[in-house]
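The structure under discussion appears below in the form of C-alpha cells.
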Amino acid sequence: MAIQYWLMKSEPETFSIEHLERSPKKTTGWDGVRNYQARNFMRDAMKVGDQVLFYHSSCKVPGVVGIAEVVKEGYPDDTAWDKKSDYYDPKSSPENPRWYRVDIQLKEIFPEIVTLTEIKEDPKLQEMKVVQKGQRLSIQPVTRKDFEYICKRA
DNA sequence: GCCAACGTTGGC
DNA sequence: GCCAACGTTGGC
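Residues in the first sequence are numbered consecutively from 6, following the working numbering.
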C-alpha cells in the first residue's frame, strides 16, 4: 500500500516534539488516545513508514512543528489497564483491549513552526481537516499534497 | 477563562 | 434506539 499521511495532535505541556526528541531512539508509543475514530486509525489504517505531521495544540502558538514516522503498527495500549495511569479505563483489559497505540519516531523538527494561523490563511490548505470547524479529532488523515506543501513551507 | 462543537453516557 | 445531560477539546 502507498504511504499514508497523518496529523497527530499533542499538547506540548503534556508531550511536545522536544519530549519526542529526547526519548530513547526518538521514538514513543502514542498512548492515551481514548477516542474511537482515532483508535480505529491506529489499529487498522496506520502502517510502518507512514509519515506524520506533529501538531501542537492548546498552546500559545498552535501549529505543525515537525515530522515523525510510524515505526510500529497498532498494538494494545496497556495504560488502559494500569490503575495508576491517567488513562486508566476499567472497560479495557489485556484479554479484551479496547484501546490501541502506534509507535512513532521523530524525523525532523521544523526550523520554523507552520502555525495554525498560516494554515488558515493559505488558500491551498483549506482542505486540511485541522482548519475545518469543530474538528477535534486528535489523529487525522492528511493528503500527500498537503503534507508536502507543509514541509515546503516549513 | 470562555464557550462552541462534538463525543459519550445513561435513563427511558 | 432516542435524546438530554454532561464532559472534553481546543482556539481565542
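Ideal Cβ positions, reconstructed from N, Cα and C, are used throughout, including at glycine. Keep in mind it's a predicted model, so treat the numbers as computed, not measured.
Following the DSSP letters along the chain, one finds residue 114 inside the beta strand (DSSP E) bounded by residues 105–120. Runs of the beta strand (DSSP E) spanning 3 or more residues and lying entirely within the stretch 40–64 occur at 56–61, in chain order.
DSSP places residue 8 in the coil class of the three-state scheme, outside both helix and strand.
In the structure shown, residue 93 falls within a coil segment according to DSSP collapsed to helix, strand and coil.
With distances taken between CA atoms, residue 153 lies nearest to 71 out of 71, 110 and 103. Counting the other CB atoms within 10 Å of its CB gives residue 67 a total of 16 or more, which places it among the buried residues. Contact between the stretch 117–132 and the stretch 90–104 is absent, with fewer than three C-beta pairs closer than 8 Å. Using a C-beta cut-off of 8 Å, the stretch 7–17 makes contact with the stretch 40–55, since at least three inter-stretch Cβ pairs fall below that distance. In the structure shown, the three-state DSSP call for residue 29 is helix. Taking a contact as a CB-CB distance under 8 Å, the pair residue 84 and residue 37 counts as one, their CB atoms being some 6 Å apart. A straight line joining the alpha-carbon of residue 13 with that of residue 98 spans about 25 Å. Taken through DSSP and simplified to helix, strand or coil, residue 100 comes out as coil. Fewer than three Cβ pairs drawn from the stretch 122–141 and the stretch 22–30 lie within less than 8 Å of each other, which leaves the two stretches out of contact.
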